[in-house]
Amino acid sequence: MANMNLYSRGDRLFVIVNMALIGLFTISTLYPFIYIASLSLSTGFEARAGNVVLTPVGFTLEAYKQVLSEPEFWTSYRNTFIYTIGGTLMSLLFIIPGAYALSRPQLYGRRFWNLMVAFTMWFNAGLIPFFLNMRDLGLLDSYFGIIIGFAVNGFNIILLRNFFEAIPQSFEEAARMDGANEFQVLWKVYIPLSKPAIATVALFCIVARWNGFFWAMVLLQDKDKIPLQVYLRQVIVALSDDEEFANTLMSSAYSFETVSAAIIVCSIIPILIIYPFLQKYFSKGILLGGVKE
Amino acid sequence: MSETSDIPGQRTETIVIEAREAQRDRRTGRVQRIGDHLKREWQLYVMLLPTIIWLVIFLYKPMYGLQIAFKDYSLFRGVAGSAWIGLEHFDTLFNNDQFLRALRNTVIISFYGLIFGFPVPIILAVMFNEVLHQKFKKTAQTIVYLPHFISSVIIAGIVITAFSPSAGIVNTMLGWFGMDPVYFLTKPEWFRPIFVGTGIWQEAGFQSIVYLAAIAGISPTLYESAVVDGASRWQMIWKITLPSILPTIIIMLIIRIGNMLEVSFEMIILLYQPATYETADVVNTFIYRQGIQGGQYDLAAAAGLFNAVVAFALVMTANTISKRYSRTSLW
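In order, the protein sequence lines correspond to chains A and B. Note that the first sequence ends on residue 411 in our numbering; no numbers are left out. Note that the second sequence ends on residue 390 in our numbering; no numbers are left out.
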């Protein structure tokens, strides 16, 4: 933007203080992650003694060995992949054609259908009726139940519909001339032109699926079907109250704290891997098309 | 004038007949048109149908199921077969201390979230806008957006670990100042600060994106002329940046108030325990315990219905106000 030289002395001070404050906020955002990572790499003894502050104390991989040797960890990890990939594909299968149809001006009752989608964003029946409905549909304790039960989301449909609507009609004229039908127009014209928007919706779905915990906890009792987040909760949250169990996890090499930390690290890594894409699309795609610097 | 009033009956009759014929034409015309339309555009409806069916099965059918809020729900009789009992559940709820406490906690926690949480992303966005060093700015943004994408279970895990009485970093730090360790998560007075603080830590960075977008839309000429006039950065923030993004701020505020009842109860379920119910239990966690854990589906559904209706009213009011505001602010 402007040149530093144009700034008065007061402004320069302001710029420096501002940077320092942002630096502070950034560090306080980052610190808990560093703390957890260090904890996961420290010995149980040092962790218990509260000696871990910034870097690992008495570096060891014992906690990870402990986590990775647990079959339940791998089962839940695999399940999370199933729910994330299956759920995201299922969502796109519903949302892309649905949003396209809703974006077409010639659709009969378009206002009504749109309202039907939007209404679900303002009003929902709540936990109990949704749960009873899933039970009545026989979708408790089922992979398919988790995948289909959360496939459609009004916000994502509207987001994609708006994107489709903004594409000028002229783009599809050539395809129409060649006698393309709606499916072909969607597939050959709209989808290629909407890659950023579709990627955004897909990433929304991926993040929601990867992180989803409440409904998985409520709808799944079978230990072989629970996703990582539910497993995590069982280990970290539920057992943190259970001192006795926590103590059985104690040895000089690893402790309840270091094992918890190691599980947290293992489940954050995939999010960190896709984070560059997340950032790119969340700012480039919809986030109001205006996050310029 | 006199000519037309000569034969009023006849005239009316012809008009009626003509109108009827026109209507019939229109009707058959419409049927014909819809038929043609479907023949031509059936593919669109094939595309739309799965979404609509999904919405009906998974979201609209539960709305029908909400009637159990007014029924003595029995598993065997099902939703439709259970006996109506009117407003009994609501009567029970409003005489139930736990429900009233949950309602109060919901409002208080949202209110704290609003007071302490709402200004932070605005301040952050303005501060980011003042950073000249692009690489520093990018790195900082990359980091502060990150917690938004981390699951509530992990965040809760971090909070529990950090505040743990034996090994947690918070108590370690208190120890440096010679203070005794506090088991924060069992103390009712600490629940709300920890919960609200965690929410700000997790979301403020990401929420600043909206304001950064608004700031990006401000015309650079405003700043240029301010520089010519010798304005300081500080003055420009107050005289240009903030007034320019005021409409966005107000709309976000309205939306936020509209979502007052949407306390992130997932996080509460993860962080609270019986010792802290007093300050932590909100309507949705109450519903979860009574309904899903306790099996009192009808009572819990009534609490949910109350919640949903109030939330709907709030959101609708907020929408109306924000629409009006954004229209008038367009000049």
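Don't be surprised by glycine CBs; every beta carbon is placed ideally from N, CA and C.
Contact set between residue i and chain B, taken where Cβ atoms lie within less than 8 Å
| i | result |
| --- | --- |
| Tyr261 of chain A | Those do not exist, as Tyr261 of chain A stays about 16 Å from chain B at its closest Cβ, beyond 8 Å. |
| Thr161 of chain A | The contacting residues do not exist; Thr161 of chain A stays about 12 Å from chain B at best. |
| Asn271 of chain A | Here the premise fails: no neighbours, minimum Cβ distance about 10 Å. |
Residue i in three-state terms, based on DSSP
| i | result |
| --- | --- |
| Ala263 of chain B | helix |
| Asp357 of chain B | helix |
| Gly94 of chain B | helix |
| Lys120 of chain B | helix |
| Lys246 of chain B | coil |
| Asp131 of chain B | strand |
| Ala142 of chain B | strand |
| Ile276 of chain A | helix |
| Ser381 of chain B | helix |
| Met319 of chain B | coil |
| Asp254 of chain A | helix |
| Val241 of chain B | coil |
| Leu396 of chain A | helix |
| Asn136 of chain A | helix |
| Glu375 of chain A | helix |
| Arg127 of chain A | helix |
| Val270 of chain A | coil |
| Ser64 of chain B | Residue confidence is low: Ser64 of chain B scores 45 on pLDDT, short of 50, so the model does not pin down where it sits. No coordinate-derived value is stated. |
| Leu159 of chain A | coil |
| Glu411 of chain A | Only weak support exists for where Glu411 of chain A lies, its pLDDT of 23 falling under 50; the value from the coordinates is given anyway. Three-state result, Glu411 of chain A: coil. |
| Ser187 of chain A | coil |
| Met122 of chain A | Interpretation of Met122 of chain A is limited by its pLDDT of 48, a score under 50 that renders its predicted location unreliable; the figure taken from the coordinates is listed afterwards. Here Met122 of chain A sits in helix by DSSP. |
| Tyr218 of chain A | helix |
| Ala243 of chain A | coil |
| Leu191 of chain B | coil |
| Ala298 of chain A | coil |
Supposed close pair residue i, residue j - CB separation, criterion 8 Å
| i | j | result |
| --- | --- | --- |
| Thr198 of chain A | Ile324 of chain A | Actually they do not touch by this definition, with Cβ atoms about 11 Å apart. |
| Ile214 of chain B | Gln266 of chain B | The pair is not a contact, with the Cβ atoms about 16 Å apart (cut-off 8 Å). |
| Met106 of chain B | Ala379 of chain A | The pair is not a contact, with the Cβ atoms about 47 Å apart (cut-off 8 Å). |
| Ile304 of chain B | Ala285 of chain B | 16 Å between Cβ atoms; not a contact. |
| Ala298 of chain A | Gly205 of chain A | With 8 Å as the limit, Ala298 of chain A and Gly205 of chain A do not qualify as a contact, their Cβ atoms being about 31 Å apart. |
| Tyr472 of chain A | Ala181 of chain A | What the structure shows of chain A is the stretch from 119 to 411, and residue 472 of chain A is not part of that stretch, so it cannot be assessed. |
| Ala334 of chain A | Phe282 of chain A | Actually they do not touch by this definition, with Cβ atoms about 32 Å apart. |
| Ile381 of chain A | Val353 of chain A | 6 Å |
| Tyr399 of chain A | Pro314 of chain A | 6 Å |
Reference residue i; option with closest CA among the options
| i | options | result |
| --- | --- | --- |
| Ala161 of chain B | B:Asp340, B:Gly354 and B:Tyr270 | B:Asp340 |
| Ile313 of chain B | B:Phe175, B:Arg383 and B:Pro206 | B:Arg383 |
| Ser381 of chain B | B:Ala215, B:Ile308, B:Tyr356 and B:Val368 | B:Ile308 |
| Leu364 of chain B | B:Val255, B:Leu134 and B:Gly124 | B:Gly124 |
| Gly317 of chain B | B:Ala362, B:Phe371, B:Tyr331 and B:Ala273 | B:Phe371 |
| Tyr261 of chain A | A:Gly128, A:Ile152, A:Ala167 and A:Pro345 | A:Pro345 |
| Pro206 of chain B | A:Asp342, A:Ile386 and A:Ala317 | A:Ile386 |
| Gly227 of chain B | A:Thr318, A:Asn242, A:Glu188 and A:Val170 | A:Val170 |
| Asn343 of chain B | B:Glu337, B:Val322, B:Tyr356 and B:Tyr331 | B:Val322 |
| Gly276 of chain B | B:Pro252, B:Val287 and B:Pro302 | B:Pro302 |
| Gln302 of chain A | B:Ile93, B:Lys98, B:Gln102 and B:Leu97 | B:Gln102 |
| Gly176 of chain A | A:Val135, A:Thr161 and A:Asn271 | A:Thr161 |
| Ile360 of chain B | B:Gln352, B:Thr201 and B:Ile346 | Sequence inspection shows Ala at residue 360 of chain B; the Ile mentioned does not correspond to that position. Of B:Gln352, B:Thr201 and B:Ile346, the residue nearest in Cα terms is B:Ile346. |
| Phe132 of chain A | B:Ile296, B:Ala334 and B:Phe195 | B:Ile296 |
| Ala165 of chain A | B:Ile174, B:Val115, B:Thr220 and B:Asp156 | B:Thr220 |
| Asp259 of chain A | A:Arg351, A:Leu277, A:Lys343 and A:Leu157 | A:Lys343 |
| Val115 of chain B | A:Val185, A:Ala138, A:Phe163 and A:Gly272 | A:Gly272 |
| Ser209 of chain A | A:Ile154, A:Ile246, A:Arg228 and A:Ile266 | A:Ile266 |
| Arg279 of chain A | A:Pro223, A:Phe332, A:Glu290 and A:Leu245 | A:Pro223 |
Contact list for residue i against chain A, beta-carbon separation under 9 Å
| i | result |
| --- | --- |
| Tyr270 of chain B | Under the 9 Å cutoff, chain A gives no residues; its nearest Cβ is about 10 Å from Tyr270 of chain B. |
| Trp260 of chain B | Ser146, Thr147 and Pro150 |
Residues that residue i contacts on chain A, provided the C-beta gap is smaller than 7 Å
| i | result |
| --- | --- |
| Ser291 of chain B | Ser126, Gly128 and Asp129 |
| Thr231 of chain B | Gly168 and Val171 |
| Leu173 of chain B | Under the 7 Å cutoff, chain A gives no residues; its nearest Cβ is about 20 Å from Leu173 of chain B. |
| His96 of chain B | Tyr226 |
| Asn366 of chain B | Gly244 |
Neighbour list for residue i in chain B, Cβ cutoff strictly below 7 Å
| i | result |
| --- | --- |
| Lys238 of chain A | For the record, residue 238 of chain A in the displayed sequence is Thr; it is not Lys. The contacting residues are Leu114 and Leu118. |
| Ile354 of chain A | Gly216 and Ile219 |
| Arg351 of chain A | Val212 and Leu329 |
| Ala379 of chain A | Thr220 |
Contacts that residue i makes with chain A (C-beta to C-beta distance below 8 Å)
| i | result |
| --- | --- |
| Gly353 of chain B | The contacting residues do not exist; Gly353 of chain B stays about 11 Å from chain A at best. |
Chain B contact residues for residue i, given Cβ-Cβ distances below 9 Å
| i | result |
| --- | --- |
| Trp375 of chain A | As written in the sequence, residue 375 of chain A is Glu, which differs from the Trp given in the question. Here the neighbours are Thr220, Ser223, Ser225, Ala226 and Gly227. |
| Asn329 of chain A | Phe208, Ile209, Ser210, Ser211, Val212 and Ile213 |
| Gln347 of chain A | Ser210, Ser211, Val212 and Ile213 |
Handout entry: Residues from the stretch 288-306 of chain A in contact with chain B, defined by Cβ distance under 7 Å
Key = Taking 7 Å as the Cβ-Cβ cut-off against chain B, the residues of the stretch 288-306 of chain A that qualify are Asn299, Glu300 and Phe301.
Problem - Interface residues of the stretch 222-234 of chain A facing chain B [CB-CB below 9 Å] - result: Within the stretch 222-234 of chain A, the qualifying residues are Arg222, Gln224, Leu225, Tyr226, Trp231 and Met234.
Practice task
Scan the stretch 273-290 of chain B for residues whose Cβ lies nearer than 7 Å to a Cβ of chain A and list them as they occur along the chain.
Solution key: Cβ proximity to chain A below 7 Å picks out Ala275, Gly276 and Val286 from the stretch 273-290 of chain B.
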